[in-house]
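Data block below; observations after.
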Amino acid sequence: MYSQNPYPQDYFANPLEIPIVLAGTFAELRSNHFHSGMDIKTQHRQGLNVLASAEGFVSRIKISPFGYGKALYITHPNGYTTVYAHLSKLAPKIESYLKEQQYDQESYGIELFPPIKALVLKKGELVAYSGNTGSSAGPHLHFEIRDKNEYPMNPMLFGINTKDTTRPLISGLYAYPISEDAQINKSNSKQPIRITKQADGNYIAESITAVGKIGFGIETIDRQDLANNKNGVYNIQTQFNGSTNFEIDFKTFSFYETNDINRLIDYDIYKTEKDKIQKLFIDTNNGLSLYKNTIDQGYLTITDSTSAVYKIKVSDFRDNESWVTIPIDGKLSQDILKKSLDVTPNYIYENQTSTIAEENVTVTFYKNTFYEDFFIDFKISNDTLQILPIGQAARKSFNITFDISKYNDADKEKLFIAELVGYKKWPKYSTTTRTANTLSTYTKSLGYYTIASDTIPPTITALNFKDEQWISNAETLNVKITDDLSGISDYRATINGKWILMEYEYKTNSLTYDFNDQISTEPHNDFKLIVTDNVGNSSTFEARFHRK
Numbered sequence: 014m015y016s017q018n019p020y021p022q023d024y025f026a027n028p029l030e031i032p033i034v035l036a037g038t039f040a041e042l043r044s045n046h047f048h049s050g051m052d053i054k055t056q057h058r059q060g061l062n063v064l065a066s067a068e069g070f071v072s073r074i075k076i077s078p079f080g081y082g083k084a085l086y087i088t089h090p091n092g093y094t095t096v097y098a099h100l101s102k103l104a105p106k107i108e109s110y111l112k113e114q115q116y117d118q119e120s121y122g123i124e125l126f127p128p129i130k131a132l133v134l135k136k137g138e139l140v141a142y143s144g145n146t147g148s149s150a151g152p153h154l155h156f157e158i159r160d161k162n163e164y165p166m167n168p169m170l171f172g173i174n175t176k177d178t179t180r181p182l183i184s185g186l187y188a189y190p191i192s193e194d195a196q197i198n199k200s201n202s203k204q205p206i207r208i209t210k211q212a213d214g215n216y217i218a219e220s221i222t223a224v225g226k227i228g229f230g231i232e233t234i235d236r237q238d239l240a241n242n243k244n245g246v247y248n249i250q251t252q253f254n255g256s257t258n259f260e261i262d263f264k265t266f267s268f269y270e271t272n273d274i275n276r277l278i279d280y281d282i283y284k285t286e287k288d289k290i291q292k293l294f295i296d297t298n299n300g301l302s303l304y305k306n307t308i309d310q311g312y313l314t315i316t317d318s319t320s321a322v323y324k325i326k327v328s329d330f331r332d333n334e335s336w337v338t339i340p341i342d343g344k345l346s347q348d349i350l351k352k353s354l355d356v357t358p359n360y361i362y363e364n365q366t367s368t369i370a371e372e373n374v375t376v377t378f379y380k381n382t383f384y385e386d387f388f389i390d391f392k393i394s395n396d397t398l399q400i401l402p403i404g405q406a407a408r409k410s411f412n413i414t415f416d417i418s419k420y421n422d423a424d425k426e427k428l429f430i431a432e433l434v435g436y437k438k439w440p441k442y443s444t445t446t447r448t449a450n451t452l453s454t455y456t457k458s459l460g461y462y463t464i465a466s467d468t469i470p471p472t473i474t475a476l477n478f479k480d481e482q483w484i485s486n487a488e489t490l491n492v493k494i495t496d497d498l499s500g501i502s503d504y505r506a507t508i509n510g511k512w513i514l515m516e517y518e519y520k521t522n523s524l525t526y527d528f529n530d531q532i533s534t535e536p537h538n539d540f541k542l543i544v545t546d547n548v549g550n551s552s553t554f555e556a557r558f559h560r561k
């Protein structure tokens, strides 16, 4: 499969000077999105040379404490763009351009679109150094290839690959009654189906009884030879009585549709059990473009007194395959276990705007917020809102507003809306807009929300210097900043009254200034740092240091 494609095979080169070993594959299932590139391991190190995969020019630079961290975009003459993310530092000429803009805007977080001729690059030229910035769980290089429409594509299509002779693994199988009269194993609720791995590496499922319109879902991962990471697969096909009736092809996708991953997977199982069951049918309001060769949207219709065989083929990019065979006995049962329905006073229609208000809380669900109609469990008690079930996926944000007129004016400024997360319901700041008597937030997650108060300012700790200390040999100025509740919102640092660039690494709560920026060459320096949290509490740290 990988050798039969129309994509140039010699145009793009490995962006690192080490063999490619993957921590993550293209279109891998992540939380609320598909992975848009490949994650290349950097041997647990930072600072490896990152090279331009092909000639081109720097078209975008984006620096953020979160997400891609330090990211570089190179546009190439053939219309494609490559992306290099989680970098520790950019190459000298690019870093110089970046820092000039950061100092001009007095901001670490920045997004730049340099002129076409400003930063021209040759294939194989040093462009950056690998790192662990942004929302990276460990040192690696995130690498993408995007087409002229900014659609990410599987880099393996272009010959950037790794050794893989290992079959995909299949760990779960579910069967879904779709029509109201459908039944599976004497039930009209979805059913886990036991599978057994055979000596040849394929799988066989226990025989099921079924009638009506049904569908299946599978949990599967891939592994390469050189790493044990749980990666995404490349292709899933199904057959019904020998004829292909469904295919998912993870070759490319649009960022506009990536949120619909929550329609591909069984979101309820994911939220309650953390398993990612991929549905092998196209559910209602599913906007993904990954599907091919579908018959009746991948659904099956089973009639009484028939026998059928359903097969699933899971493939990786190197055409390693694993099959699952599911025998189906069409058998109508008169006595079946009915699916229980949690009926509540409030019902959400996905194609209508709904507003629910109780006590001091109003929630507005806009048209097309959800994928389907459902009963919603809405309760408010002691300024805590419960909106369930958590297993109902949203495709866009809804609004939660709390009336806080009962609070003292002095207290209102320190209030925010918190989502209560985890088993212990820890408060997590939800971006909050405040008016005189209301707090408002937008979110995509059903669950628990409350009014929280943060009256404690952030903590600032100098890590490698003290007041009045001589630090002539120090290369950097290092400070730790923390906030225990609402979180850090902003910071500003100066030396002798001049703004300095301090890089923020949220995973370590650290700010770092590089003395090579040479903001001050004076022997005596006054350092000042102001840190503000998300409700406006502020802390100021001041110290004098000396350098020869």
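Just remember that my numbering sits 13 ahead of the position in the sequence shown, which is counted from 1.
We put the beta carbon where it would ideally sit given N, CA and C, even for glycine.
Values in this document were obtained by computation on a predicted structure and should not be read as measured data.
Where the alpha helix (DSSP H) containing residue i begins and where it ends
i	result
residue 280	280-286
residue 4	The question about residue 4 has no answer here: the residues shown for the chain are numbered 14 through 561.
residue 105	105-118
residue 276	274-277
residue 423	422-425
Nearest-angstrom beta carbon gap, residue j and residue i [assumed within contact, 8 angstroms]
i	j	result
residue 470	residue 546	7 angstroms
residue 563	residue 136	Nothing can be reported for residue 563, as the shown portion of the chain is limited to 14 through 561.
residue 154	residue 28	7 angstroms
residue 152	residue 58	6 angstroms
Buried/exposed call for residue i, threshold 16 Cβ in 10 Å
i	result
residue 23	exposed
residue 178	exposed
residue 16	In this predicted model, residue 16 has a pLDDT of only 45, less than 50, meaning its place in the structure is not dependable; the value taken from the coordinates is given anyway. Exposed.
residue 353	exposed
residue 21	exposed
residue 248	buried
residue 60	exposed
residue 328	buried
residue 296	buried
residue 490	buried
residue 130	exposed
residue 496	buried
residue 30	exposed
residue 245	buried
residue 207	exposed
residue 79	exposed
residue 510	exposed
residue 279	buried
residue 190	buried
residue 537	exposed
Of the listed residues the options, nearest to residue i (C-alpha basis)
i	options	result
residue 215	284, 275, 62, 334	334
residue 424	434, 451, 440, 438	451
residue 37	462, 402, 138, 156	156
residue 519	130, 148, 386, 40	148
residue 372	473, 393, 380	393
residue 349	83, 253, 222	222
residue 436	126, 83, 286, 86	286
residue 346	444, 194, 399	194
residue 332	541, 49, 176	176
residue 494	553, 439, 419	553
residue 464	447, 475, 25	447
residue 525	430, 121, 375	121
residue 251	229, 245, 239	229
residue 240	112, 56, 417, 159	56
residue 305	258, 326, 90	258
residue 441	475, 418, 501	501
residue 256	532, 344, 325	325
Cβ pair residue i, residue j closer than 8 angstroms
i	j	result
residue 413	residue 462	yes
residue 273	residue 300	yes
residue 264	residue 167	yes
residue 542	residue 487	no
residue 262	residue 181	no
residue 302	residue 270	yes
residue 405	residue 383	yes
residue 125	residue 73	yes
residue 586	residue 63	The structure shown does not extend to residue 586, since the chain spans only 14 to 561, so no value can be given for it.
Enclosing beta strand (DSSP E) for residue i [first to last residue]
i	result
residue 355	Where residue 355 is concerned, there is no enclosing beta strand (DSSP E), given that its DSSP letter is neither H nor E.
residue 180	Note, residue 180: premise wrong, no beta strand (DSSP E); not H, not E.
residue 89	Residue 89 -> no beta strand (DSSP E), and no H or E assigned at all.
residue 211	Per DSSP, residue 211 belongs to no beta strand (DSSP E) and is neither H nor E.
residue 229	221-234
residue 371	367-371
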